[in-house]
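Structure first, then comments.
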Amino acid sequence: MTVMTAAAIEDFLDEIFPQRIGTIEAVGEMKATMSLAIDDEHLRPGASVSGPTLMGLADVCLYVAILAQIGPEPMAVTSDLHCRFLRRPRGDRDITATAHIHKLGRRLAVGEVQLFSAGQEEPVALVTATYALPDRD
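For the sequence shown, position 40 (counting from the first letter as 1) is numbered 40 according to the UniProt record's numbering, and the numbering increases by one without interruption.
The following block contains the structure:
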């Protein structure tokens with residue numbers, strides 16, 4: 001059951017994490033979708049979207065999915081993140097990220113994020129990550 005809407009999460013992030021990247025498109029039961037309009041600052045040589053950009057969007061997208069489930073929690077933090085780059089993310093296309101939470105426990109949340117170049121069916125990267133959650137008693 002979601003406890004925060006996309007708009008409420010955007011407002012919360014504006015307050016506690018204004019430097020984040022991406023726009024929340026949707027949140028749902030154990031999932032979230034975000035997008036990122038690609039600019040020159042996101043590109044590496046060769047006009048590809050940079051790895052740090054993809055990992056940053058994936059990290060925020062999973063955080064958004066978690067917030068939708070547990071509510072506003074600034075101290076839920078990434079404790080592990082693995083990224084597999086699958087194909088070249090073209091710099092002339094925006095990026096979409098879709099996060100799915102696989103486990104939401106008392107102390108840890110584990111999830112996966114697929115990242116896509118706009119208009120492409122195959123993902124450009126796959127991220128798995130774990131978040132450490134503070135006590136919620």
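Even for Gly, the Cβ is constructed at its ideal location relative to N, Cα and C. Just so we're clear, the structure is a prediction, and the values are computed from it rather than from any experiment.
| Asked | Found |
| --- | --- |
| Candidates Pro18, Ala129 and Lys31, of which the one nearest Met4 by Cα | Lys31 |
| Where Leu43 falls: helix, strand or coil (DSSP) | strand |
| Ile38 classed as buried or exposed, judged by whether at least 16 other C-beta atoms fall within 10 angstroms | buried |
| Beta-carbon spacing of Ile24, Leu67 below 7 Å | no |
| Endpoints, beta strand (DSSP E) assigned at Gly59 | Here the sequence assigns Asp to residue 59, which means Gly is not the residue at that position. Premise fails: Asp59 lies in the alpha helix (DSSP H), Gly51 to Ile70, not in any beta strand (DSSP E). |
| Where the beta strand (DSSP E) containing Ala99 begins and where it ends | Ile95 to Leu104 |
| Contacts around Pro123, its chain only, beta-carbon distance under 7 Å, and the 5 residues preceding and following it disregarded | Leu86, Gln114, Leu115 and Phe116 |
| Boundaries (first-last residue) of the alpha helix (DSSP H) holding Leu13 | Ala6 to Ile16 |
| Beta-carbon proximity check, Ile95 vs Gly111, cutoff 7 Å | no |
| Nearest-angstrom Cα separation, counted from Gly91 out to Gln19 | 21 Å |
| Nearest to residue 138 (by Cα), restricted to the options Glu73, Leu54, Leu104 and Ala26 | There is no way to answer for residue 138, as the model of the chain reaches only from 1 to 137. |
| Counted within 10 angstroms of its Cβ, other Cβ atoms place Asp59 as buried (16 or more) or exposed | buried |
| Identity of the residue in Met34, Arg136, Ala132 and Arg88 nearest Gln120 by Cα | Arg88 |
| Segment limits, beta strand (DSSP E) that includes Thr128 | Ala125 to Ala132 |
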